[in-house]
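First the structure, in the form of structure tokens, and then the observations on it.
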Amino acid sequence: LQEACHEALWTCCHPVKEKIPADILLLGGDDIIVYLAADTAIPFAIELAKRFESKTKDRIGRDPFFANLLQGRGLTISLGIAYGRSHTPIAILVDQAEELLKSAKQKGTAMAPSEFYAPACIDFHLASRYNQLHVKDSRSQHLVLKTANGTLLNLYGGPYTVEEAENLQSQAVRLRKSDLPRSWLHRFGEAPFQGYWLGNIETLIVWGRARTDEDRKVLYEVLDALGCLPHPPWRETESTVDTPIVDLVSLTEWTNG
């Protein structure tokens, strides 16, 4: 874990005046707490999780016993990311990160193909946007809507698998690099808050009124890549309706394009 952490920091946090712009607050056993800039948090988490699994695969994969239990894979680490402002009390961020870690682990456990292996997952939350101290309260009060027939709409997409988080980050970079104005991205991110049908209509309006064919193509391909078609901005399964678009637009605010 120490090796994976140091390598992920070196890869994602480029030195400033010969110093890494991050602080390791805890690193021991299977626990890790790192304080770093918002634009490097998701890339760092993705890189850390991938390197940890790869390194443990190489390390214990030589042992037939563990290789058989893990079906040729390594150990995994899930992560919770709490975003706050520079003056947000560190105790609040740590508590929220632990809460997010639990939800990430729960998703990994639910997806586990065996009792010995669970995929690494990442969950994140913007502490500075809500007054609640707990992520659960923020989500239930601000990020869940109920339709007329009682269906719950989750206005967040997490927890994400590492692959899903990587895809979300990639789409955020793509939006940031596009010619879409910030006001248009903000409208795109606010569409889900209008509910199922109005949110769908608003998303289509944003797409249809984009200034250029290239902008419309980018929005369409982003929605497609995130599984939000054919009823954007929603992702639907037999048991849930959610959207990653609010998360996506949030990430564009501090993604380096």
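Residue numbers for the sequence shown follow the working numbering, so the first one is 352 and each next one is one higher.
C-beta: ideal position from N, C-alpha, C; glycine also.
The structure presented is a predicted model; accordingly, all values stated were derived computationally and were not measured.
Neighbourhood of residue i by C-beta distance below 7 Å, restricted to the same chain and skipping five residues each side
| i | result |
| --- | --- |
| Gln492 | Gln483 |
| Leu451 | Gly431, Ile432, Ala433, Asp474, Phe475, His476 and Val486 |
| Leu421 | Phe467 and Tyr468 |
| Ala478 | Ala433, Tyr434, Gly435, Thr439, Ile443, Leu444 and Gln447 |
| Glu358 | Arg402 |
| Ile383 | Leu352, Cys356 and Leu377 |
| Pro510 | Ser454, Ala455, Lys458, Cys472, Ile473 and Asp474 |
Start-to-end residues for the beta strand (DSSP E) that takes in residue i
| i | result |
| --- | --- |
| Val385 | Asp382 to Leu387 |
| Ile428 | It is not in any beta strand (DSSP E) - Ile428 carries neither H nor E in the DSSP assignment. |
| Asn505 | Leu503 to Asn505 |
Unbroken alpha helix (DSSP H) run spanning residue i, endpoints
| i | result |
| --- | --- |
| Asp488 | Val486 to His493 |
| Leu352 | Segment: none, Leu352 is in no alpha helix (DSSP H) and carries neither H nor E. |
| Phe417 | Pro415 to Leu420 |
| Gly559 | Tyr547 to Gly559 |
| Gly459 | Ile441 to Met462 |
| Leu570 | Asp564 to Ala576 |
| Phe539 | Arg533 to Glu541 |
Length of the line joining the Cα atoms of residue i and residue j
| i | j | result |
| --- | --- | --- |
| Leu549 | Asp593 | 15 Å |
| Asp381 | Leu352 | 7 Å |
| Ser529 | Phe467 | 42 Å |
| Thr407 | His476 | 28 Å |
| Leu570 | Phe539 | 9 Å |
| Pro440 | Glu449 | 15 Å |
| Cys364 | Asp409 | 25 Å |
| Glu553 | Ser405 | 42 Å |
| Leu503 | Trp585 | 12 Å |
| Ser601 | Lys497 | 23 Å |
| Pro464 | Ala400 | 18 Å |
| Gly508 | Leu577 | 10 Å |
| Glu572 | Glu541 | 19 Å |
| Asp575 | Asp598 | 16 Å |
| Pro415 | His582 | 47 Å |
| Ser489 | Glu354 | 35 Å |
8 Å CB neighbourhood of residue i in its chain, flanking five on each side removed
| i | result |
| --- | --- |
| Lys453 | Gly431 |
Residues near residue i in its chain [Cβ-Cβ closer than 6 Å; skip 5 each side]
| i | result |
| --- | --- |
| Ile411 | Phe417 |
| Thr512 | Pro470 and Cys472 |
| Thr606 | Ala523, Val524 and Arg527 |
| Leu426 | Thr407 |
Residues bridged to residue i (per DSSP)
| i | result |
| --- | --- |
| Ala373 | Leu387 |
| Phe475 | Ile432 |
| Thr512 | Cys472 |
| Asp612 | Here the chain comprises residues numbered 352 to 608, so residue 612 is not present and cannot be evaluated. |
| Ser465 | Tyr468 |
| Lys401 | None; Lys401 has no bridge partner. |
| Val367 | Lys370 |
| Lys497 | Leu503 |
| Leu580 | DSSP output for Leu580 lists no bridge partner at all. |
- Is there contact between the region 555 to 563 and the region 517 to 535, where contact requires at least three CB pairs shorter than 8 Å? They touch, by the three-pair rule.
- Taking 8 Å as the threshold, find out whether the region 391 to 408 comes into contact with the region 512 to 530 through three or more Cβ pairs. The answer is yes - the region 512 to 530 touches the region 391 to 408, with three or more Cβ pairs under 8 Å.
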